[in-house]
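Student:
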Amino acid sequence: QVQLVESGGGLVQAGGSLRLSCAASRTLFSINAMGWYRQAPEKQRELVTVITNGGTTTYADSVKGRFTISRDVTKNTVYLQMNNLKPEDTAVYYCNAYYTDREYWGQGTQVTVSS
Numbered sequence: 026q027v028q029l030v031e032s033g034g035g036l037v038q039a040g041g042s043l044r045l046s047c048a049a050s051r052t053l054f055s056i057n058a059m060g061w062y063r064q065a066p067e068k069q070r071e072l073v074t075v076i077t078n079g080g081t082t083t084y085a086d087s088v089k090g091r092f093t094i095s096r097d098v099t100k101n102t103v104y105l106q107m108n109n110l111k112p113e114d115t116a117v118y119y120c121n122a123y124y125t126d127r128e129y130w131g132q133g134t135q136v137t138v139s140s
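For the sequence shown, position 83 matches number 108 in our numbering, and the numbering has no gaps at all.
1) Find the nearest neighbour of residue 98 within the set 138, 87, 80, judged by alpha-carbon distance.
2) Name the residue from 120, 88, 138, 126 whose alpha carbon lies nearest to the alpha carbon of residue 50.
3) Suppose contacts are defined by Cβ-Cβ distances below 7 Å. Is residue 39 in contact with residue 140 by that definition?
4) If residue 118 sits next to residue 133, beta carbons under 8 Å apart, how far is it from one beta carbon to the other, in whole angstroms?
5) Since residue 26 is in the beta strand (DSSP E), which residue starts that stretch and which ends it?
6) For residue 101, is the classification buried or exposed, using 16 other Cβ atoms within 10 angstroms of its Cβ as the cut-off for buried?
7) Would you kindly work out how many angstroms separate the C-alpha atoms of residue 129 and residue 29, rounded to a whole number?
8) Alpha carbons only, please: which of 136, 34, 56 is nearest the one belonging to residue 125?
9) Nearest by alpha-carbon distance to residue 53: which of 64, 75, 41, 86 is it?
10) In the structure shown, what three-state DSSP assignment does residue 143 receive?
11) Where in the region 64–98 do unbroken runs of the beta strand (DSSP E), each at least 3 residues long, occur, reported from the N-terminal end onward?
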C-alpha cells in the first residue's frame, strides 16, 4: 500500500503561483509513477501531469509551460509548481500513485484562482 499526504493548496489571484506537495509512505523508486489530477465542479477528474520512477514527465496541454512536476527522493515527496495560474485551474488537486498494478489517491487539496 501507499499513503499519500498532500499540502499546499489555497487561494491565489490569476497570474500567481502555488506549489503543491505530496508525501508518499514509500520510496519513490518503488512506485511506478506518481502524478497529479484535478477535478473542477461538475467536471470529470483529469490528468494534469505524471512522473515515472525513471523521471520521465508528461503534461496535459492545458498546463504545459506553466506547471512543473518534480520530486525529492530523499523526502519521498513529489511537487507540483504552478505558475501563471488561471481561473480555469480552479479545482481540487489529487496526488496519485501507481504501485503494484493499483492506484492510490491522496485526500485532495483545493486550489482556487480568482480573476
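Built from N, CA and C at the ideal position, the CB exists for glycine as well.
Tutor: According to the structure data:
1) 80
2) Between residue 50 and the set 120, 88, 138, 126, the nearest pair of CA atoms involves 120.
3) yes
4) 7 Å
5) Run containing residue 26: none; DSSP gives neither H nor E here.
6) buried
7) 8 Å
8) 56
9) 75
10) This structure gives no information on residue 143, because the portion of the chain shown stretches from 26 to 140.
11) 71–77, 82–84, 92–97
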